[in-house]
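Chemist:
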Amino acid sequence: MKVLIGLLVFGLAACLLGIGLGAVPIAPRAVVSALLSPSAPAAAIVRDIRLPRVLLAFLVGGGLGVSGAAL
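Per this note's numbering, residue 124 is the first one in the sequence shown, and the count goes up by one each step.
1. Please state the DSSP three-state secondary structure of Ser190.
2. In this structure, how does DSSP classify Ala146 when only helix, strand and coil are distinguished?
3. For Ala202, name the three-state secondary structure that DSSP assigns.
4. So Gly141 packs on Ala180, CB below 8 Å; how close in whole Å?
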């Protein structure tokens, strides 16, 4: 159970880091604000560009992990 919680925390931290890094750096507090409030200054960047990229990266990584486990 501890390993699962650790992996969940690590995954969320990696997600926040992936959303925050880019051509325009966004602080983690601003990322959370942009996710919770659609009127935040960085909300358009986060919702339209960075969040789909990070979610797709997690899905592709999960798919590669499953296909590797199947081999």
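Even for Gly, the Cβ is constructed at its ideal location relative to N, Cα and C.
Modeler: With the given structure in hand:
1. In the structure shown, Ser190 sits in a helix (DSSP, three-state: H, G or I).
2. Ala146 falls in the coil class under three-state DSSP.
3. No answer is possible for residue 202: the residues shown for the chain start at 124 and end at 194.
4. Correct: roughly 7 Å between the Cβ atoms.
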